[in-house]
Amino acid sequence: MRPFPSEFRLRDLAAITGEVCELKRNPYIREANEASEAWFKSIGAYHGKTLQRFFSHRFDLFAELSFPDADEQHLETCIDFFFWAFSFDDLSDEGELQNKPEEHEIGVKLCTSILFDSAPKRTGFPYARMLDHVWRQLKHTATPGACDRFARSAVEFFNGQLQQGNNRKLNRMPTIEEFIPMRRATIGCGMVEAMIEYSLDIDLPDYVFEHPTIRAMSDATNDLMTWPNDICSFNKEQADGDYSNLVFIVMEEKDLALQDAIDYVITMLSDRVDEYIALKRSLPSFGFEVDRELARYLKALEHFVQGTVVWYYSPRE
């Protein structure tokens, strides 16, 4: 891999995704976040400065921008989901399980038990207890299809983390083609989509989500969320020696300098926006009632994309 320069130029990624995705804010964020933070503190996963550092990532802002139309109760669960997902992800990314794939796998099995066992394992593992709380809230009002999609996507999330950890251990860099679907899994895009369904009590038949155009739109929005993440987090990850990042993959595979690799990924992002627009124009009709509900879902998905990209740029206290 080529050496890194002392600086690089970055276009306004939010302007690129903003061509199709609208930014909006949720008015219930303060009350919902106070309740979620109290709940997370009660779990006892983090304490002292570690807890303060975790909260400084401003997951409240992330939820405010990403679930703008959720009511207070649903928004609170969405923040709880962020707390669980990000804290669990930190275990493998930079926490105590980063170089312990065997122990990470044990944690994954405990969390999987919550989702699939008729009598889940009782455990003191705080991340399993957090997931149990979110899972109960989700099942309370979400459709069976949304719950099923959340559970299946959680398994993809866990497997993606394990695969990423194994790549780090073996010092293996995947190809661009291998990395993109793995990245969708490791960022938890499928779970996010299920949480979007939950947040607005969306009720769509399963066959809609299985339609090839909807699947392709899902992949596109997932990429619109993940590729800006890799660009914005590049500097931190290179400092940590973590190469599980699309910019690194492009540099290696295309033999590009850093600025050229970043420009290449930004072009990919712009092209992906155009592909999403074309897919949206080609949507078939599923009937008036379904089409109306699908429009609500797609608008919420676009809100989430733009909220996510703007959050990447937001200052942390």
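For the sequence shown, my numbering gives the first residue as 1433, with consecutive numbering after it.
Even glycine gets a Cβ: it sits at the ideal position worked out from N, Cα and C.
By the Cβ rule, the segment 1575 to 1593 counts as touching the segment 1620 to 1638, because three or more pairs are nearer than 8 Å.
R1616 sits close to D1651, with the two beta carbons spaced by under 9 Å.
Going by DSSP, D1687 is part of no alpha helix (DSSP H) at all; its letter is neither H nor E. Between the segment 1482 to 1492 and the segment 1435 to 1451 there are fewer than three C-beta pairs closer than 8 Å, too few to call the two in contact. Per the Cβ contact rule, the segment 1719 to 1733 is not in contact with the segment 1471 to 1480 (fewer than 3 Cβ pairs under 8 Å). With fewer than 16 neighbouring CB atoms inside 10 Å of its own CB, A1671 falls in the exposed class.
Excluding the 5 residues flanking it on each side, P1716 has same chain C-beta neighbours closer than 8 Å at H1643 and T1645, in chain order. Within the same chain, and ignoring the five residues on either side of G1592 in sequence, the residues whose Cβ sits closer than 6 Å to its Cβ are M1614, A1617 and T1618.
Secondary structure remark: continuous alpha helix (DSSP H) runs of at least 4 residues inside the segment 1614 to 1661, in chain order: 1621 to 1631 and 1638 to 1642.
Boundaries of the alpha helix (DSSP H) harbouring T1482: G1480 to F1487, taken from the DSSP string.
Residue range P1558 to T1573 is occupied by the alpha helix (DSSP H) that includes P1558.
In the structure shown, the three-state DSSP call for A1502 is coil. P1558 and Q1569 have their C-alpha atoms some 17 Å from each other.
Looking from the CA of F1611, the closest CA among A1446, D1655, T1555 and K1712 belongs to D1655.
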